[in-house]
Amino acid sequence: MYSRKNNKLLPERVFNQYSMLKFFILVFIFYLINDCIVFSQNSPRGLFILMRYKDLKDNKDSMHAVLSQKWVSGITMYLTWNNIEPVKNQINTELLNQITAQGIQAGKTINFGFLPARGSPEWIYNEGVKKISWTHARFLSGQGLPQTNSAPDPWDFKYWELYNKCIAKIGEILKPYSNIGYIAVCGPSPMNGIEANYSIGGRVWVPNENGKGMTATYPYKEEFENSGFEKIKFIDLWKKQFNVFNTVFPEKKLGLALHLEIGPNHDSEISDVIRDYIMSNYNGRCAFMLLGLGDKNGMIQKDSEYARLLGKGLVQDPNIDIGLQFAAWVNTQKNASGGMIGEWIENGTSVYGKNFRWVEVWYEDFQFAQTHADYINGFRKGYDILDNN
1 MYSRKNNKLL PERVFNQYSM LKFFILVFIF YLINDCIVFS QNSPRGLFIL
51 MRYKDLKDNK DSMHAVLSQK WVSGITMYLT WNNIEPVKNQ INTELLNQIT
101 AQGIQAGKTI NFGFLPARGS PEWIYNEGVK KISWTHARFL SGQGLPQTNS
151 APDPWDFKYW ELYNKCIAKI GEILKPYSNI GYIAVCGPSP MNGIEANYSI
201 GGRVWVPNEN GKGMTATYPY KEEFENSGFE KIKFIDLWKK QFNVFNTVFP
251 EKKLGLALHL EIGPNHDSEI SDVIRDYIMS NYNGRCAFML LGLGDKNGMI
301 QKDSEYARLL GKGLVQDPNI DIGLQFAAWV NTQKNASGGM IGEWIENGTS
351 VYGKNFRWVE VWYEDFQFAQ THADYINGFR KGYDILDNN
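Mapping of the sequence shown onto this note's numbering: residues 1 to 389, in sequence order.
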C-alpha cells in the first residue's frame, strides 16, 4: 500500500516513519521551548531590595513593607549558613518557607543567597574544619579601616562537604516554589562566599595628609602570600561549587557575582575563566552579576575594567541575564541624590543593552527613601526603565 504526500507516492512504511519522525521533532521542540519558558519566567526582572536576616528579626513587618511597593519587583534575601543551620542537621525550614510564601502572597519574586565564609556556624569547627584569620578593610561598615576577620579555611575539604550538605537540604525545601528568581552560587571567597574575589591581603584605606579623601594601601600582602592561595585551585573550587548548585537546583536559575579583586591585585583572568566555563557548559543556566558601590568601581561605565568582566559575548547572547547590585549607595556617595539611581540604571542599559534585567538596592537605602520623596521618584524611574528594557 502507498500513501500520498506532496503529490508523490511513498511506501506506507516510509510514510509512517516520516510521520513518527515529525512527531518526535515536535515533542522535542515543545520541551525545549517549555524549558526555555521556565527559565525565562523565573529569571529576575526589575528592581529588587536586598535584605538580610537581621532586617526580618528587627522588624517582622519589614518584608511586607518592601513587597507592598508597586515599584519593587521582589526581594533578594541573604541568609548566612548560621541563620539556616545554627545547630548541626537542624535546618530552619520555617524561615525559608516563610520568606518564599510571603513573596507568593505578594505576587513578587524572591532571590536567595546562602552565605558561608564569615557567615558559617561555629559548630563546624568542632567537626574538624580549620579556621583562618586575616586583616581586612571593611569599607561599608568600618570606614575602610583594618579589622580582624575569621572564617573557615577555603581550602578545607570538610568545610565544603558540610556546607554543600546544607545546600542539598535547602534545595529540597525550595523545590516546590516557582517564584524564585535565582539562587546565588557561593564559593571559596573568604569574606562572604558570594563574589568571585579573595579579600585576604586586600586594600586598607588611609586618610590623606591634607585631610581630604583617603588612599588605598596594601600593608597586609604577607597575609595573602601565606594564605595558600593558588589561582588554579581557586578557579577549580568555583567550578565545583557551580556544579554542586546546578545539581541541587536543576529547575532554578543560578546567579554568579564576578569580581576583580584578588588579594592586593586586580585579576580579571579568574572571573573570565569561570564565566567562560559556565558559558561553555551551562549556557542559559546562569545570570551574571556585578556588585559594587554604584559608579565608583566603573560597573556602569562602558569599557571599564569592571564592566568588561561581563564581556561582549554575554551582551550579544539573548539567553544571558545581567544584574547589578548598588551597595549602600546613599551612604557611600558624597553627592547622593534621588535621581542618581535612575541615572545609573539608564547608564546600565547603554552598557549592557537588553541583557540588563535587574538591579538590587540595599534595604538601608530603601528605608532612607521612605522619608525622601525624591528618592522614591528615582526608584520608580529605575523600575520603569528596567520594565521597558
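Glycine included, C-beta positions come from ideal geometry on N, C-alpha and C. Given the structure is predicted, the values throughout are model-derived calculations rather than measurements.
| Asked | Found |
| --- | --- |
| Complete alpha helix (DSSP H) runs within the segment 156-226 (minimum length 4 residues, chain order) | 157-174, 221-225 |
| C-alpha distance - K130 paired with P152, whole-angstrom precision | 6 Å |
| W362 in three-state terms, based on DSSP | strand |
| Cβ-Cβ distance between A257 and E195 below 8 Å | yes |
| Coarse secondary structure for Q102, derived from DSSP in three states | helix |
| Distance between Q301 and S40 (C-alpha atoms, nearest Å) | With a pLDDT of only 37 at S40, under the threshold of 50, the placement of this residue in the model should not be trusted; the figure read from the coordinates follows. Approximately 27 Å, taken between the alpha carbons. |
| Coil, strand or helix - I29 by DSSP | Note that I29 has pLDDT 40, beneath the 50 cutoff, so the model's placement of it is unreliable and no number is given. |
| Within 8 Å, strictly: CB atoms of R52 and W358 | no |
| DSSP three-state assignment for Y306, whether helix, strand or coil | coil |
| Cβ-Cβ separation, N179 to T100 (assumed contact under 8 Å), whole Å | 7 Å |
| Separation of H136 from W81, as counted between CA atoms | 21 Å |
| Other residues of its chain near P154: CB distance less than 6 Å, five sequence neighbours each side excluded | P188, P190 |
| Cross-strand partners of N111 (DSSP beta bridge) | T76 |
| Between the CA atoms of G339 and G113 - distance to the nearest angstrom | 29 Å |
| As assigned by DSSP and simplified to three states, the class of T371 | coil |
| Where F356 sits in the DSSP three-state scheme | strand |
| Neighbourhood of S62 by C-beta, 8 Å cutoff - its chain only, sequence neighbours within 5 removed | M51, D55, L56, Y363 |
| Rounded C-alpha distance that separates A106 from I322 | 24 Å |
| H64 versus Q90 - alpha carbon distance | 27 Å |
| Length of the line joining the Cα atoms of P121 and P86 | 6 Å |
| N321, enclosing beta strand (DSSP E) - first and last residue | Per the sequence presented here, residue 321 reads as Asp, with Asn not at that position. Element bounds for D321: 321-326. |
| I58 classed as buried or exposed, judged by whether at least 16 other C-beta atoms fall within 10 angstroms | Checking the sequence shown, residue 58 turns out to be Asp, not Ile. The residue is exposed, with fewer than 16 neighbouring Cβ atoms inside 10 Å. |
| Straight-line Cα distance separating V185 from V244 | 9 Å |
| Rounded C-alpha distance that separates S77 from I345 | A quick correction: the sequence has Met, not Ser, at residue 77. The alpha-carbon atoms of M77 and I345 are separated by roughly 21 Å. |
| Nearest to Y282 (by Cα), restricted to the options L386, E269, E251, Y306 | E251 |
| DSSP bridge partner residues for K131 (one or two, in chain order) | P152 |
| F30 burial status per 10 Å Cβ neighbour count (16 or more: buried) | Because F30 sits at a pLDDT of 35, beneath the cut-off of 50, its placement in the model cannot be relied upon, and the following sentence gives the value as read from the coordinates. Burial call: exposed. |
| I274 beta carbon less than 8 Å from that of I232 | no |
| Option in I104, K354, M279, W160 with minimal Cα separation from P176 | I104 |
| L47 beta carbon less than 8 Å from that of L386 | yes |
| Reduced DSSP secondary structure (H/G/I, E/B, other) of L237 | helix |
| Chain-order list of residues whose beta-carbon lies under 8 Å from that of Y306 (same chain, five-residue window excluded) | L260, L290, G292, N297, G298, M299 |
| Other residues of its chain near P318: CB distance less than 8 Å, five sequence neighbours each side excluded | K354, N355 |
| Status (buried if at least 16 other CB within 10 Å, exposed otherwise) for P207 | exposed |
| Beta-carbon separation (whole angstroms), S227 vs I200, contact threshold 8 Å | 5 Å |
| Delimiting residues of the beta strand (DSSP E) encompassing R45 | Premise fails: R45 is in no beta strand (DSSP E) and is neither H nor E. |
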